[in-house]
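To start, the structure itself, in structure tokens.
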Amino acid sequence: MKMKQVMALAATLTMAFSITACGSSNKTAEEPATSDTNTETATSAADNKESSTTEGLQPEDGASLVVWDSKDERAFTDEIAKQFTAKYNIPVKIEELNPTDQVTKLTQDGPSGLAADVVIFPHDNLGRAVEAGLVLANDTFKDETIKNNTEASIQGVTIDDTLYGYPRAAETYALYYNKSILKEAPKSFDDVIAFGKTFTDNAKKKYAIMWEPGNMYFNYPFIATTGGYIFGKNGTDKEDIGINSEGALESMQTYVKLKEILPVKSGDINPDIKRSLFNSGDVAMDINGPWELSGYKTALGDKLGVAPIPSIGGKPAISFSGIKAWYVNSFTKYPNASQLFAEFASTKDAQLLLNEKVGSIPTNKEAMESDQIKNDPYVSAFAEQAKNSQPMPSIPEMGNVWSPVNAALPEIWDNNMDPKTAFDKAVQQIKDLNNGATK
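So for the sequence shown, the numbering used here puts the first residue at 65; every next one is plus one.
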């Protein structure tokens with residue numbers, strides 16, 4: 065442990081300057097940072113409450129925990145902290161920090177003992193955290209974590225065959241549609257294109273479908289569905305880059321065809337524009353994430369529909385997914401208590417509570433099959449799409465992918481560049497960045 069911390073301290077000098085991999089727009093990568101607060105929650109339980117044990121793991125005497133979580137999900141975190149304190153008699157303090165900022169903050173504050181004991185961040189930040197020795201392996205609860213959660217979520221929180229995270233929620237995107245315009249969602253992008261030829265009217269700014277054509281996160285279905293990929297070996301082999309593979313180029317044919325029914329420059333489409341046009345009924349379909357669900361329900365009411373992304377080449381569309389998971393700070397003074405909290409806050413019941421409070425998609429397999437999820441027409445659609453999703457690679461080199469691909473997509477969309485030419489160039493740029501990063 066001491067050796068690991070010495071190594072982590074050395075890594076901190078360089079990792080402090082790392083930049084979070086972005087391009088996602090899921091809120092895993094683009095939501096603005098929030099400020100820390102020192103609000104205390106659930107500071108104690110009854111005096112006569114005895115500390116409990118789970119599978120023989122005993123919390124340290126006098127343990128108290130600091131937990132980082134986002135402002136948007138405080139309703140859940142406050143409640144789960146109260147439940148944890150009631151069970152273990154361990155005070156918990158919640159500090160607000162955007163999950164995408166937590167690895168950087170942990171890099172800076174972990175070695176000095178100023179960071180939270182338990183943190184949460186999207187899995188594509190895990191490679192940075194592991195490389196710097198910032199998080200402990202999930203070994204005590206490894207078997208039950210793997211047994212209880214989806215394969216994709218376990219893959220997302222594992223590095224070099226070591227499980228680190230305690231999965232809490234999956235986040236992917238799906239197809240929102242306006243039921244007053246479409247009685248049911250199109251099954252394929254061929255159907256989308258056929259409908260678009262009758263609905264899209266660029267002069268009136270009416271469009272059959274919108275998404276962000278210049279953002280790799282939302283365009284992963286046009287890379288992966290017919291066999292493309294970012295890195296080989298489930299996202300772990302940085303030498304095997306597959307965005308310009310035959311499978312990727314096959315899916316990209318559909319991307320190119322969609323320009324006919326969305327004749328808009330990629331730079332002229334952003335979340336605010338899409339949101340406004342969809343709410344007004346001028347966009348019939350929007351590919352977007354669950355973070356838009358509350359607003360769309362308010363705007364459209366029972367006219368709102370959600371469905372999996374239409375198929376490509378006769379195959380279910382494969383979306384990117386982000387896995388939000390708890391992690392234990394390797395510098396914590398209370399590793400046992402921290403592990404107990406991470407496990408407690410990621411169980412089936414905890415994930416259903418998270419869904420109830422903020423509408424998240426569970427990774428726990430039993431939670432996904434519960435009536436609470438299956439009977440929700442919106443969340444169940446995201447959960448269905450999540451089954452056909454792939455977690456973003458979590459190796460550090462993933463940070464070198466976003467900019468080259470996000471530059472290639474507008475060349476294809478706006479300037480009619482051949483996809484192979486654009487992606488060949490992007491692959492070379494990624495290789496150059498990877499080599500530079502490892503010299």
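Idealized CB from N, CA, C, for every residue including glycine. As the structure is a prediction and not an experimental result, all values here were calculated from the model.
Going by beta-carbon coordinates alone, are residue 396 and residue 227 separated by less than 9 Å?
no
Just mark residue 499 as buried or exposed, buried being the case when its beta carbon has 16 or more other beta carbons within 10 Å.
exposed
Report the rounded CA-to-CA distance for residue 430 versus residue 268, giving the unit in angstroms.
47 Å
Beta carbon of residue 166 nearer than 9 Å to that of residue 184:
yes
Just checking, does the segment 440-456 make contact with the segment 258-278 on the three C-beta pairs under 8 Å criterion?
no
By the three-class DSSP mapping on this structure, what secondary structure does residue 317 have?
helix
With distances taken Cα to Cα, identify the nearest neighbour of residue 409 among 170, 233, 195 and 161.
233
Segment limits, alpha helix (DSSP H) that includes residue 254
253-263
Relative to the alpha-carbon of residue 297, which residue among 190, 130, 489 and 220 has its alpha-carbon at the smallest distance?
220
Three-state secondary structure (DSSP) of residue 453:
strand
Considering only the beta carbon of each residue, do residue 289 and residue 175 sit closer than 9 Å?
no
Count the other CB atoms, across all protein chains shown, that sit within 10 Å of the CB of residue 260; report buried if there are 16 or more and exposed otherwise.
buried
May I ask you to report which of helix, strand or coil DSSP gives residue 221?
coil
When we look at the beta-carbon of residue 247 and count the other beta-carbons within 10 Å, is it buried (16 or more) or exposed?
exposed
Residue 271 - containing beta strand (DSSP E), residue span
271-274
Starting from residue 159, follow its DSSP beta bridges and name the residues at the other end.
132
According to DSSP, is residue 407 helix, strand or coil?
helix
Could you tell me which of 401, 490 and 385 sits nearest to residue 449, measuring between CA atoms?
385
Just curious, the alpha helix (DSSP H) that residue 352 is in, first and last residue?
Looking at the DSSP string, residue 352 is not in any alpha helix (DSSP H); the run it does join, the beta strand (DSSP E), is 347-352.
Could you tell me the boundaries of the beta strand (DSSP E) in which residue 240 lies?
238-242
What's the C-alpha gap between residue 357 and residue 158?
26 Å
Closest residue to residue 413 among 462, 291, 427 and 270 (Cα-Cα distance):
427
For residue 489, which three-state DSSP category applies?
helix
For residue 352, count neighbouring C-beta atoms within 10 Å of its own C-beta (all shown protein chains included) and say buried if the count is 16 or more, exposed if not.
buried
Between the C-alpha atoms of residue 324 and residue 273, what's the straight-line distance to the nearest angstrom?
11 Å
Hey, residue 387 and residue 285 are a contact pair by Cβ (cut 8 Å); roughly how many whole angstroms apart?
So it is not a contact: roughly 18 Å between Cβ atoms.
Any contact of the segment 203-218 with the segment 321-335, i.e. 3+ C-beta pairs under 8 Å?
no
CB contact flag (residue 245, residue 348, <9 Å):
yes
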